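**Student:**
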Ligand SMILES: Cc1cc2nc3c(=O)[nH]c(=O)nc-3n(C[C@H](O)[C@H](O)[C@H](O)COP(=O)(O)OP(=O)(O)OC[C@H]3O[C@@H](n4cnc5c(N)ncnc54)[C@H](O)[C@@H]3O)c2cc1C
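In UniProt numbering, the protein residues as written are 1 to 378.
(1) Going by DSSP in three states, residue 356 sits in which element: helix, strand or coil?
(2) With contact counted as at least three CB pairs below 8 Å, one residue from each stretch, are the stretch 302 to 322 and the stretch 235 to 247 in contact?
(3) Could you check if residue 385 is buried or exposed, using at least 16 other CB atoms within 10 Å of its CB as the buried criterion?
(4) Below 8 Å, can you find three or more Cβ-Cβ pairs linking the stretch 184 to 191 to the stretch 149 to 163?
(5) Taking the alpha-carbon positions, what's the residue 21 to residue 32 distance?
(6) How do the stretch 104 to 111 and the stretch 51 to 59 stand: do at least 3 beta-carbon pairs fall below 8 Å, yes or no?
(7) On the CB-based measure, 16 or more other CB atoms within 10 Å of its CB, does residue 327 come out buried or exposed?
(8) Could you say which of 216, 235, 279, 306 lies nearest to residue 94 if we only look at CA atoms?
(9) For a test of your reading of the model: does the CB of residue 117 fall under 7 Å from any non-hydrogen atom of ligand 1? Yes or no.
(10) Residue 349: beta carbon under 7 Å from a heavy atom of ligand 1?
(11) Using three-state DSSP, classify residue 37 as helix, strand or coil.
(12) Confirm, please, whether the CB-CB distance from residue 285 to residue 317 is below 8 Å.
(13) Is it true that the CB of residue 266 sits closer than 8 Å to the CB of residue 255?
(14) Just grab the DSSP bridge partners of residue 31 for me.
(15) Take residue 306 and list the residues in its own chain whose beta-carbon comes closer than 6 Å to its own, dropping the five residues that flank it on each side.
(16) Are residue 71 and residue 18 touching if we call contact CB-CB under 8 Å?
(17) State the Cα-Cα distance for the pair residue 342 and residue 336, rounded to the nearest angstrom.
(18) From residue 219 to residue 175, what distance separates their C-alpha atoms?
(19) With C-beta atoms as the reference, is residue 234 less than 8 Å away from residue 63?
(20) Classify residue 16 as helix, strand or coil using the three-state DSSP reduction.
(21) Please go through the same chain and pick out, in chain order, the residues whose beta-carbon is closer than 8 Å to the beta-carbon of residue 364, but skip the five residues on each side of it.
(22) If you follow the alpha helix (DSSP H) that residue 431 is part of, which residue opens it and which one closes it?
(23) What does DSSP give as the partner residue(s) for residue 260 in the beta ladder?
(24) Please confirm whether any heavy atom of ligand 1 lies closer than 7 Å to the CB of residue 243.
(25) Could you tell me the distance, in whole angstroms, from the CA atom of residue 221 to the CA atom of residue 129?
(26) Measure the Cβ-Cβ separation of residue 238 and residue 67 and say whether it is below 8 Å.
(27) Please classify residue 385 as buried or exposed, where buried requires at least 16 other C-beta atoms within 10 Å of its C-beta.
(28) State the CB to CB distance for the pair residue 228 and residue 85, rounded to an integer number of angstroms; the pair is presumed to be in contact (CB under 8 Å).
(29) Residue 204 and residue 117 - do their beta-carbons sit closer together than 8 Å?
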């Protein structure tokens, strides 16, 4: 089935997910505390089989879940996505023992996962990370340093941590570790952010890790991180498309009933054309997200470029669409608790995390020049 045309089963599944998000997940999200992990919400995502589906299906399914949940409950969407982001390295690179210990608990919502790559001195330039993994004299290492802007920290139950095992080797000297939250020397603190999901900083004070805690191979951890991001970037785009669709739906409903100038707002052509533009751009972003996810599922060679394009286009589009929706709603959109006030706060961060828009452009350009044939270069 081509990516630009979902099959009837996929379309029906998306509709079902939107209903579940509105009826079963939204009430639990409303009871949660902003900035904190919502365990009842995770348990419900598990009961609905959605957390298990993170590991049982491909990139397109992940995108359909994120887009559909985002339309009715961004909190549920983000809780699901963060379980996937933190646990994917275990799923893809973990030893049988690591997988057996953690993945069933990720799927039933009892273990909260997190992905710890960013540091105060290494954000976009992730290969500059400096969290030190120093040999402990035996088989293991001690982790010392700081991670920051880590979603689900400090409340997660385990962290995929990227640490430097070979100083001065850049991307080639990084190892991925699975670090349970109860390791001695590991502490954390919450950070209050514009976006409502839980996020924090982690402090590592000689935290012991052993060979059993390594994910994949020593010094090959950067590939673990980048492989995870290649899967998740289109799905960040799907999250953005879901938010854009929610903003568009709200705007169609509002502008057709809001009375002004002896008619409704939709009767003003500048208004209806803006609504058309919102729909046009949202659909274009959606198609690029589906195509990138399908390319990932098919093992295409140009996944990094397509994942970057999908994330870039969709997150920038969602910012435009949500901002236009706020404009067309007027003051009511900015009232605390309004859907658009919520989306306006949610839509900003995805243009920064998992690679800022400028970083995506860098990836696209690098891939273009790397694959250009000599005659095209002339
Ligand atoms: C809500 C939220 C959740 C997050 N969750 C996680 C998480 O779970 N795990 C994790 O590891 N990290 C997480 N992050 C961190 C995120 O990945 C980083 O913020 C991001 O990589 C950018 O790094 P930085 O903030 O240090 O910005 P910097 O690297 O300092 O960049 C600042 C700006 O400089 C510009 N810039 C940077 N590099 C380039 C370039 N090459 N070319 C052109 N311009 C450039 C861009 O405009 C960029 O936005 C999260 C961030 C946010 C906001």
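By construction, the Cβ of each residue, glycine as well, lies at the ideal position given by its N, Cα and C atoms.
Since we're looking at a predicted model, the values are computed, not measured.
**Tutor:** In short:
(1) The sequence position of residue 356 within the chain shown is 356, counting from 1. Coil.
(2) A contact exists between the stretch 302 to 322 and the stretch 235 to 247.
(3) What the structure shows of the chain is the stretch from 1 to 378, and residue 385 is not part of that stretch, so it cannot be assessed.
(4) Output reads yes: the stretch 149 to 163 touches the stretch 184 to 191.
(5) On the chain shown, residue 21 is found 21 positions in, with the first residue counted as 1. On the chain shown, residue 32 is found 32 positions in, with the first residue counted as 1. Between residue 21 and residue 32, the C-alpha separation is close to 15 Å.
(6) In short, these stretches touch, since the Cβ pair count reaches three.
(7) Working through the chain shown from its first residue, we reach residue 327 at position 327. Exposed.
(8) Taking the first residue of the chain shown as 1, we reach residue 94 at position 94. Of 216, 235, 279, 306, the residue nearest in Cα terms is 216.
(9) Locating residue 117 in the chain shown gives position 117, counting from the first residue. Because some heavy atom of ligand 1 lies under 7 Å away, the Cβ of residue 117 counts as near it: yes.
(10) The count along the chain shown starts at 1 and reaches residue 349 at position 349. At least one heavy atom of ligand 1 is nearer than 7 Å to the Cβ of residue 349, so yes.
(11) Taking the first residue of the chain shown as 1, we reach residue 37 at position 37. Secondary structure of residue 37 (DSSP, three-state): coil.
(12) As a working mapping, residue 317 is identified with position 317 in the chain shown. As a working mapping, residue 285 is identified with position 285 in the chain shown. Yes, the Cβ-Cβ distance between residue 317 and residue 285 is below 8 Å.
(13) Looking up residue 255 in the chain shown gives position 255. Looking up residue 266 in the chain shown gives position 266. Yes. Within cutoff.
(14) Start at 1 with the first residue of the chain shown, and residue 31 comes out as number 31. According to DSSP, residue 31 bridges with nothing at all.
(15) By one-based count along the chain shown, residue 306 stands at place 306. The beta carbon of residue 306 lies closer than 6 Å to those of 292, 295 in the same chain, with the five residues before and after it left out.
(16) Looking up residue 71 in the chain shown gives position 71. Looking up residue 18 in the chain shown gives position 18. Yes, Cβ-Cβ distance for residue 71 and residue 18 is below 8 Å.
(17) Stepping through the chain shown from its first residue, residue 342 is reached at position 342. Stepping through the chain shown from its first residue, residue 336 is reached at position 336. So the two alpha carbons sit approximately 8 Å from each other.
(18) For the purposes of this step, residue 219 is taken as the residue at position 219 of the chain shown. For the purposes of this step, residue 175 is taken as the residue at position 175 of the chain shown. Taking the straight line joining both Cα atoms gives about 5 Å.
(19) On the chain shown, position 234 is the one that residue 234 refers to. On the chain shown, position 63 is the one that residue 63 refers to. Against a cut-off of 8 Å, the Cβ pair of residue 63 and residue 234 comes out as a contact.
(20) Within the chain shown, numbered from 1, the residue matching residue 16 stands at position 16. In the structure shown, residue 16 falls within a helical segment according to DSSP collapsed to helix, strand and coil.
(21) For the purposes of this step, residue 364 is taken as residue 364 along the chain shown, with counting starting at 1. Counting only Cβ-Cβ distances below 8 Å, and skipping sequence neighbours, we find 305, 308, 309, 312.
(22) Absent from the structure is residue 431, since the part of the chain shown begins at 1 and ends at 378.
(23) One-based indexing of the chain shown puts residue 260 at position 260. Beta-bridge pairing by DSSP links residue 260 to 263.
(24) Walking along the chain shown from the start, residue 243 turns up at place 243. False, no ligand heavy atom lies under 7 Å from that Cβ.
(25) Taking the chain shown and counting its residues from 1, the one referred to as residue 221 is at position 221. Taking the chain shown and counting its residues from 1, the one referred to as residue 129 is at position 129. Spanning the two alpha carbons is a distance of roughly 12 Å.
(26) Position 238 of the chain shown holds residue 238. Position 67 of the chain shown holds residue 67. Yes.
(27) Here the chain has residues from 1 to 378 only, and residue 385 is not among them.
(28) If you number the chain shown from 1, residue 228 lands on position 228. If you number the chain shown from 1, residue 85 lands on position 85. Indeed they touch by this definition, with Cβ atoms about 7 Å apart.
(29) Translated into positions along the chain shown, residue 117 becomes position 117. Translated into positions along the chain shown, residue 204 becomes position 204. The answer is no: Cβ separation not under 8 Å.
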